[in-house]
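Undergrad:
Number of protein chains: 4
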Amino acid sequence: MAELGANRWGKSQVRVSKIHRGEAADDISDVTVSVLCEGDVEAAHTLGDNSGVLPTDTMKNTVYALAQDHLTKDLEGFGLRLADHFLDRDSIHLVTVELRERVWQRETATGFLGGGSVRRVARISRGVEDTASSGVEDLVVLKTRGSAFTGFPKDDFTTLPETEDRLLATSITAEWVYGESPEDTAATWGLVCRTMIDSFFGEWSESVQQQGFLLGEAVLEAVAEVSEIHLHLPNQHHLPFDLSRFGIDDHGIVFHPVSEPYGDIALTVRR
Amino acid sequence: MAELGANRWGKSQVRVSKIHRGEAADDISDVTVSVLCEGDVEAAHTLGDNSGVLPTDTMKNTVYALAQDHLTKDLEGFGLRLADHFLDRDSIHLVTVELRERVWQRETATGFLGGGSVRRVARISRGVEDTASSGVEDLVVLKTRGSAFTGFPKDDFTTLPETEDRLLATSITAEWVYGESPEDTAATWGLVCRTMIDSFFGEWSESVQQQGFLLGEAVLEAVAEVSEIHLHLPNQHHLPFDLSRFGIDDHGIVFHPVSEPYGDIALTVRR
Amino acid sequence: MAELGANRWGKSQVRVSKIHRGEAADDISDVTVSVLCEGDVEAAHTLGDNSGVLPTDTMKNTVYALAQDHLTKDLEGFGLRLADHFLDRDSIHLVTVELRERVWQRETATGFLGGGSVRRVARISRGVEDTASSGVEDLVVLKTRGSAFTGFPKDDFTTLPETEDRLLATSITAEWVYGESPEDTAATWGLVCRTMIDSFFGEWSESVQQQGFLLGEAVLEAVAEVSEIHLHLPNQHHLPFDLSRFGIDDHGIVFHPVSEPYGDIALTVRR
Amino acid sequence: MAELGANRWGKSQVRVSKIHRGEAADDISDVTVSVLCEGDVEAAHTLGDNSGVLPTDTMKNTVYALAQDHLTKDLEGFGLRLADHFLDRDSIHLVTVELRERVWQRETATGFLGGGSVRRVARISRGVEDTASSGVEDLVVLKTRGSAFTGFPKDDFTTLPETEDRLLATSITAEWVYGESPEDTAATWGLVCRTMIDSFFGEWSESVQQQGFLLGEAVLEAVAEVSEIHLHLPNQHHLPFDLSRFGIDDHGIVFHPVSEPYGDIALTVRR
Numbered sequence: 005m006a007e008l009g010a011n012r013w014g015k016s017q018v019r020v021s022k023i024h025r026g027e028a029a030d031d032i033s034d035v036t037v038s039v040l041c042e043g044d045v046e047a048a049h050t051l052g053d054n055s056g057v058l059p060t061d062t063m064k065n066t067v068y069a070l071a072q073d074h075l076t077k078d079l080e081g082f083g084l085r086l087a088d089h090f091l092d093r094d095s096i097h098l099v100t101v102e103l104r105e106r107v108w109q110r111e112t113a114t115g116f117l118g119g120g121s122v123r124r125v126a127r128i129s130r131g132v133e134d135t136a137s138s139g140v141e142d143l144v145v146l147k148t149r150g151s152a153f154t155g156f157p158k159d160d161f162t163t164l165p166e167t168e169d170r171l172l173a174t175s176i177t178a179e180w181v182y183g184e185s186p187e188d189t190a191a192t193w194g195l196v197c198r199t200m201i202d203s204f205f206g207e208w209s210e211s212v213q214q215q216g217f218l219l220g221e222a223v224l225e226a227v228a229e230v231s232e233i234h235l236h237l238p239n240q241h242h243l244p245f246d247l248s249r250f251g252i253d254d255h256g257i258v259f260h261p262v263s264e265p266y267g268d269i270a271l272t273v274r275r
Numbered sequence: 005m006a007e008l009g010a011n012r013w014g015k016s017q018v019r020v021s022k023i024h025r026g027e028a029a030d031d032i033s034d035v036t037v038s039v040l041c042e043g044d045v046e047a048a049h050t051l052g053d054n055s056g057v058l059p060t061d062t063m064k065n066t067v068y069a070l071a072q073d074h075l076t077k078d079l080e081g082f083g084l085r086l087a088d089h090f091l092d093r094d095s096i097h098l099v100t101v102e103l104r105e106r107v108w109q110r111e112t113a114t115g116f117l118g119g120g121s122v123r124r125v126a127r128i129s130r131g132v133e134d135t136a137s138s139g140v141e142d143l144v145v146l147k148t149r150g151s152a153f154t155g156f157p158k159d160d161f162t163t164l165p166e167t168e169d170r171l172l173a174t175s176i177t178a179e180w181v182y183g184e185s186p187e188d189t190a191a192t193w194g195l196v197c198r199t200m201i202d203s204f205f206g207e208w209s210e211s212v213q214q215q216g217f218l219l220g221e222a223v224l225e226a227v228a229e230v231s232e233i234h235l236h237l238p239n240q241h242h243l244p245f246d247l248s249r250f251g252i253d254d255h256g257i258v259f260h261p262v263s264e265p266y267g268d269i270a271l272t273v274r275r
Numbered sequence: 005m006a007e008l009g010a011n012r013w014g015k016s017q018v019r020v021s022k023i024h025r026g027e028a029a030d031d032i033s034d035v036t037v038s039v040l041c042e043g044d045v046e047a048a049h050t051l052g053d054n055s056g057v058l059p060t061d062t063m064k065n066t067v068y069a070l071a072q073d074h075l076t077k078d079l080e081g082f083g084l085r086l087a088d089h090f091l092d093r094d095s096i097h098l099v100t101v102e103l104r105e106r107v108w109q110r111e112t113a114t115g116f117l118g119g120g121s122v123r124r125v126a127r128i129s130r131g132v133e134d135t136a137s138s139g140v141e142d143l144v145v146l147k148t149r150g151s152a153f154t155g156f157p158k159d160d161f162t163t164l165p166e167t168e169d170r171l172l173a174t175s176i177t178a179e180w181v182y183g184e185s186p187e188d189t190a191a192t193w194g195l196v197c198r199t200m201i202d203s204f205f206g207e208w209s210e211s212v213q214q215q216g217f218l219l220g221e222a223v224l225e226a227v228a229e230v231s232e233i234h235l236h237l238p239n240q241h242h243l244p245f246d247l248s249r250f251g252i253d254d255h256g257i258v259f260h261p262v263s264e265p266y267g268d269i270a271l272t273v274r275r
Numbered sequence: 005m006a007e008l009g010a011n012r013w014g015k016s017q018v019r020v021s022k023i024h025r026g027e028a029a030d031d032i033s034d035v036t037v038s039v040l041c042e043g044d045v046e047a048a049h050t051l052g053d054n055s056g057v058l059p060t061d062t063m064k065n066t067v068y069a070l071a072q073d074h075l076t077k078d079l080e081g082f083g084l085r086l087a088d089h090f091l092d093r094d095s096i097h098l099v100t101v102e103l104r105e106r107v108w109q110r111e112t113a114t115g116f117l118g119g120g121s122v123r124r125v126a127r128i129s130r131g132v133e134d135t136a137s138s139g140v141e142d143l144v145v146l147k148t149r150g151s152a153f154t155g156f157p158k159d160d161f162t163t164l165p166e167t168e169d170r171l172l173a174t175s176i177t178a179e180w181v182y183g184e185s186p187e188d189t190a191a192t193w194g195l196v197c198r199t200m201i202d203s204f205f206g207e208w209s210e211s212v213q214q215q216g217f218l219l220g221e222a223v224l225e226a227v228a229e230v231s232e233i234h235l236h237l238p239n240q241h242h243l244p245f246d247l248s249r250f251g252i253d254d255h256g257i258v259f260h261p262v263s264e265p266y267g268d269i270a271l272t273v274r275r
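These protein sequence lines map, in sequence, to chains A, B, C and D. Residues 5 to 275 in the working numbering are what the first sequence spells out, letter by letter. Residues 5 to 275 in the working numbering are what the second sequence spells out, letter by letter. Residues 5 to 275 in the working numbering are what the third sequence spells out, letter by letter. Residues 5 to 275 in the working numbering are what the fourth sequence spells out, letter by letter.
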């Protein structure tokens, strides 16, 4: 006999934009939302009884309906508002709202440049368990000096040479938890990002692992509200292209960047 | 003061192909591997001491080195072989190997058609905890009849009409656990997929949720070794395009398929 | 002073699906359409006078409106119907309609498997010039034997070894012109694809270039209506992974497939 | 009988990075190159004679080999150097080199932020015909005011309302020809981009078409060396989400951005 285990339903990739009209200038929010619910819907699965299944289409409509009054630069606040809305329903016991904001850079009072890879992220769960995190995805950084990798173990399959100073590139994805909520979530998000950028460019590292630990340490020091930060740092390899085989004097400045495979480094740093 | 929390390192997106030379015909394996390790590398993060950090480049080399003798149609077996190899090292306490196989369809003794979205997946962890799962990603199915969605709750933001019979399309991603290892993991993987396809096309459903439960039930019934299956069934919406506003008699056969947003349904079915 | 040169406007990526209801079985069409128009719209560009600019939103609506009666398995026929519709308008002098059909493989009377990379393509221009072509995109093929590459010129930067027999993989994209329209465009499309598959697997080649010429020759021989075919054959490299540097006896069966860079081969074959 | 028509061969997606070491600061180039050749290779296609077929692998090696001395911020210059290199070979009559540079934004002497969508492009052909163009891809801009669309023709399938002032977003792709080569191609590229950004945000338009013409006009006025510019301006639709159906007072500030379909506008502006 089959029985139902953990399950959830919701709507993902709901794209909503909002113009914040101002006297002197407009602002823009450009957010992709997902809503996932858990609750008392076993009968839907086993008997085809949909009386508890709030349609995912309604979830989508609700995102737009609440955006007009509640979507502000406080991404976490909008997530909380949405989560609480769905939690009001008896058949729903846990709601997780994930929001990804595309960052537009102001140029004029009504003009913005886009196209950057960076996403601001907020994840809010409400119900049988209340959790929240904030984050950033795809903050792409590269430095031409300031990173080494030596002293590692060798075996039969080792071909990597030791390097005292190498080009290091990564796309930082970070997710952090606030011990205490910051007053201005947008400004605090900016401060965390700026701190990571400055740390990455300013601190010498012996490995991606150490670079990551230094990043986390810097954030904990600079932003009092952050209690813990999780970092994912894919090593975007720039392979030295060996020119000496062509009889060329190789200066070590020409590289072959590859997108796969990549070194896959992740760590958590906490107080 | 900052301290190190959970961490891991490894290599992702290692692409390896292998020709299995035969008397009458060749076969081909086309696998993307990721290796992730956890262990005793705190000093690497906090002190820059890399003596325990097996380079991810070496992990990549190892995948190719072991592929010649050990990569067969038993994807789970290759994963296990790789995991055990890395676990031999003192500084490594847990290894997770994830393998994704692109499926090529035989046409001749040495010729194959590719390009399908389906991936066979195996995930193996060895060390402080031993776990394993098998799976399939992006098995795309569509039926023009045989699915309804009625009797759902309505609120102020409901606009979805009830539907007695609708087009249903999804891209099945499933991950299952074997209670007992099957003798032939490749054949068993094929049986699970075939069972899901037959169930999806053969069973009427009142919702994606019920369709998913029926899929899981069918697999548990058809494949004795499976003890539990997790299903992810994104509802790939085909929105009816309203022709009546043009004064056209609308037959309900013209749709606007959208890739975002999508209904996001997931569930686990177990014995 | 600036003046307007060539210009066009239209709607791209219009996704339309249609169920063909049948007594015994349904069929499905899943097509992405683009409509591009040229005409007498200089005043729109230079003066802001939109009286000749059919909105691209209306083009989109028209695709759906005409699909109910006119979208059949004759993709070229639907393209022609659409092109002629827009050409009726005085301000439009040339219409190009491009259609890409996703191929679904029938499993039951109402059930279909999808997810393949192959697209059937038709391109129709009507107006100051009438042209048409048919095609296929991303027909992915791989053979483990039957292709060589030797006798090529060497220079200071040559590192590629000669190979008497290699794995060859490509993703065939072909576009052809019919001298005389086939009676059944869907069946003829299938025959062209089948002919290319059989030729690729059946014919030995000394290079991708020769493989491509043989493909074109085979199509011209098998399909009387085709007068000319253009082939694009990216060489999807499978780099031999050198195991001998690990002291392993290298059997030449382990490869590192790479998606970039790729050999970029294109040619036209005609009667 | 089949005969060979137009044909070409080359290597695409060759990714090369280079560090420009400086006293005070480093700089970085990150370029993707494709090389396509035409020439006297009929025998390769029809007879399997590869004596004229420079391997695409050698083309790739050559890109790296020449990068050390010749890849500078003058992207067009590197393209020309590469094209002339391959044209030296007797069997090659036309070489087209296409270069796409990823733009990194300097933060420190050795640190750079990346991840932007913008690509600087140069396209150089040398041989039986010499041509060159420069360009930019995916310069993403959005304005919350300053664009209308009214006075367009209506028909049975019109549903689009007239709009006096709308949000307008696009991803500018432009390709231009220099009548006279600029002294500093990098600075001139920056000036063209800056001019387009300022024009887009500064000029009211009655349509995407007019916005595009104004863009082209502004570039021709600001940059004396440009003789002609081709613009592609996909209208990235932000559909107003109708809140009034929920009984909400709709302020016209909430949108549903869609990636498909899109308005597809292109035009050339010349002196």
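The C-beta atom is built at its ideal place from N, Cα and C for all residues, glycine as well.
1. Please confirm whether Y182 of chain D has its beta-carbon closer than 7 Å to some beta-carbon of chain C.
2. So what's T297 of chain A in DSSP terms, helix, strand or just coil?
3. Check whether the stretch 88 to 106 of chain A and the stretch 56 to 63 of chain A are in contact - that is, three or more C-beta pairs closer than 8 Å.
4. Considering Cα atoms alone, identify which of C:I23, C:V230, C:L237 and C:S16 is closest to T72 of chain C.
5. Step through the CB atoms of chain A and report whether any lies within less than 7 Å of the CB of K22 of chain B.
6. I'd like to check one pair, F205 of chain B with T162 of chain C: are the Cβ atoms closer than 7 Å?
7. What residue from D:A190, D:G26 and D:R106 has the CA that sits closest to D142 of chain D's CA?
8. I'd like to confirm the pairing. Which residues does DSSP put opposite N11 of chain D in its beta bridges?
9. Excluding the 5 residues flanking D169 of chain C on each side, which residues of the same chain have their C-beta closer than 8 Å to its C-beta?
10. Consult DSSP for W108 of chain D and reduce its assignment to one of helix, strand or coil.
11. Please identify the residue among C:H241, C:G256 and C:R25 whose C-alpha is closest to the C-alpha of L75 of chain C.
12. Run down chain C in chain order and give the residues with a C-beta less than 7 Å from the C-beta of G150 of chain B.
13. Chain B beta carbons: is any one of them nearer than 7 Å to that of D53 of chain D?
14. Mapping the DSSP letters down to three states, classify H255 of chain D as helix, strand or coil.
15. Using only the alpha-carbon positions, how far apart do F259 of chain D and L271 of chain D sit?
16. At a CB-CB cut-off below 9 Å, which residues of chain B make contact with R19 of chain D?
17. Shortest alpha-carbon distance to V223 of chain B belongs to which of B:V145, B:W180 and B:L247?
18. Determine, using beta-carbon pairs with one atom in the stretch 210 to 218 of chain C and one in the stretch 44 to 51 of chain D, whether at least three such pairs fall under 8 Å.
19. So with Cβ pairs under 7 Å, would you call P265 of chain B a contact of chain C?
20. Cβ of D30 of chain C within 7 Å of Cβ of T167 of chain C?
21. Among C:R198, C:W208, C:A69 and C:G251, whose alpha-carbon lies nearest the alpha-carbon of A226 of chain C?
22. Give a yes or no on whether 7 Å exceeds the smallest Cβ distance from P165 of chain C to chain B.
23. Could one say the Cβ of Q72 of chain C lies closer than 7 Å to chain B's Cβ atoms, at least one of them?
24. Which same chain residues end up closer than 6 Å to T192 of chain D when comparing Cβ atoms and leaving out the 5 residues on each side of it in sequence?
25. Measuring only between beta-carbons, confirm whether F245 of chain B sits less than 7 Å from chain D.
26. Rounding to the nearest angstrom, what Cα-Cα distance links V2 of chain D and A69 of chain D in this structure?
27. On a Cα-Cα basis, can you pick out the residue from D:V144, D:V230, D:D160 and D:A173 that is closest to E184 of chain D?
28. Any beta carbon from chain C within less than 7 Å of E168 of chain B's own beta carbon?
29. Below 7 Å CB to CB, which residues in the same chain sit around E221 of chain C once its five sequence neighbours on both sides are set aside?
TA: Walking through what the data contain:
1. no
2. Nothing about residue 297 of chain A can be reported from this structure: the residues present for chain A run from 5 to 275 only.
3. yes
4. Looking at the sequence provided, one finds Gln at residue 72 of chain C rather than Thr. Looking at the Cα atoms, C:I23 is the closest of the given residues.
5. no
6. no
7. D:R106
8. C:L271
9. R149, G150, S151 and A152
10. coil
11. C:R25
12. T114
13. no
14. coil
15. 28 Å
16. The contacting residues do not exist; R19 of chain D stays about 16 Å from chain B at best.
17. B:W180
18. yes
19. no
20. no
21. C:R198
22. no
23. yes
24. P186
25. no
26. As displayed, chain D neither begins before 5 nor continues past 275, which places residue 2 of chain D out of reach and without an answer.
27. D:V230
28. no
29. V273
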